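Step one of this worksheet: look at the structure below.
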Amino acid sequence: DAKTTQPPSMDCAEGRAANLPCNHSTISGNEYVYWYRQIHSQGPQYIIHGLKNNETNEMASLIITEDRKSSTLILPHATLRDTAVYYCIVRVAAGGGADGLTFGKGTHLIIQP
Amino acid sequence: AAGVIQSPRHLIKEKRETATLKCYPIPRHDTVYWYQQGPGQDPQFLISFYEKMQSDKGSIPDRFSAQQFSDYHSELNMSSLELGDSALYFCASSSKPGQGPAFFGQGTRLTVV
Chain B
391 DAKTTQPPSM DCAEGRAANL PCNHSTISGN EYVYWYRQIH SQGPQYIIHG
441 LKNNETNEMA SLIITEDRKS STLILPHATL RDTAVYYCIV RVAAGGGADG
491 LTFGKGTHLI IQP
Chain F
8 AAGVIQSPRH LIKEKRETAT LKCYPIPRHD TVYWYQQGPG QDPQFLISFY
58 EKMQSDKGSI PDRFSAQQFS DYHSELNMSS LELGDSALYF CASSSKPGQG
108 PAFFGQGTRL TVV
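Below, the structure is given as structure tokens:
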């Protein structure tokens, strides 16, 4: 699976949009971009994933650049409960045996009151 | 909605003892993944199962083994426990290996003394 690069930490004011960047310049055509987050010692929580089109769900939006070398996770109205480590993970679409998620260092997002 | 259930939530064992962790996937999910997260570290993939067969293997020590049963629940068996095995152990499940998101349980905190 392709390697990802994320800033180690970010701050965001409560109520503002949090924009978390991720670089995945070696991504392959059959690899999806997944975002998970982990709130202190809880199980990682799935947020959103996409292949090449932008995606939106009730939690967040995912913007993937046209060349697919980077993406941005957007939390539209951040709350204190969004403070967590956010992981951007690139994963082969289906099967092939390499189906375990590879967690990198992630971004520690801190929402400031 | 039903989530991934892990038991026990906390476990204390002495060095050289054995431990068994259990994971009950989301109903109709046939794929189970195990992860280990040491203190201050990111989750590391150990092993996964699909339809009771090993699907993928990560950094699982030889002292550990796992299996998936006919009702799709999975058990992680850990023998000759070492102090360094103290960690959070997460189980995740999905509907097919490598396809779609995996959803995580709340984890088992293992402390080896």
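Protein chains in written order, with the working numbering: chain B, 391 to 503; chain F, 8 to 120.
All C-beta atoms in this analysis are idealised placements derived from N, C-alpha and C, irrespective of residue type, glycine included.
As the structure is a prediction and not an experimental result, all values here were calculated from the model.
- Ranked by Cα distance from F:L53, the first of F:T118, F:Y96, F:D37, F:G114 is F:Y96.
- The distance from the Cβ of B:I464 to that of B:I453 is about 7 Å, consistent with a contact at the 8 Å cut-off.
- Closest in alpha carbon position to F:R35, among F:Y42, F:G10, F:T115, F:Q113, is F:G10.
- If you look at B:S415, you'll find it isn't in any beta strand (DSSP E); DSSP assigns it neither H nor E.
- About 14 Å separates the beta carbon of F:E82 from that of F:L117, a gap too long to meet the 8 Å contact definition.
- As the crow flies, the alpha-carbon of F:Q51 is around 27 Å from that of B:L470.
- When 7 Å is used as the limit between beta carbons, F:G112 is near these residues of chain B: G433, in chain order.
- Using a CB distance cut-off of 9 Å, F:D92 does not count as an interface residue toward chain B.
- Within chain F, the residues whose beta carbon sits less than 8 Å from that of B:Y424 are P108, listed in sequence order.
- Assignment of B:R471 by DSSP, reduced to helix, strand and coil, places it in the helix class.
- Against chain B, the CB of F:S81 has no partner CB under 9 Å away; the residue lies outside that interface.
- Check the Cα spacing between B:N420 and each of B:G494, B:D489, B:Q502, B:T497: the tightest is with B:D489.
- Chain-ordered, the chain F residues with CB closer than 7 Å to the CB of B:D489 read S55, S62, D63, P104, G105.
- Remark: fewer than three beta-carbon pairs, one from each stretch, lie closer than 8 Å, so the stretch 54 to 67 of chain F and the stretch 395 to 405 of chain B are not flagged as touching.
- Against F:Y40, the close residues of chain B are D489, G490, L491, in the order they occur along the chain (beta-carbon pairs closer than 9 Å).
- Annotation for B:G440: the continuous beta strand (DSSP E) segment containing it runs 435 to 440.
- Rounded to the nearest angstrom, the gap between the Cα atoms of F:L88 and B:L441 is 41 Å.
- Boundaries cannot be given for B:M449, as no beta strand (DSSP E) includes it and DSSP labels it neither H nor E.
- In the DSSP assignment, F:Q106 forms a beta bridge with F:K103.
- Beyond the five residues adjoining it in sequence on each side, F:I33 comes within less than 7 Å, by CB distance, of A9, G10, V11, S100, F110 in the same chain, given in chain order.
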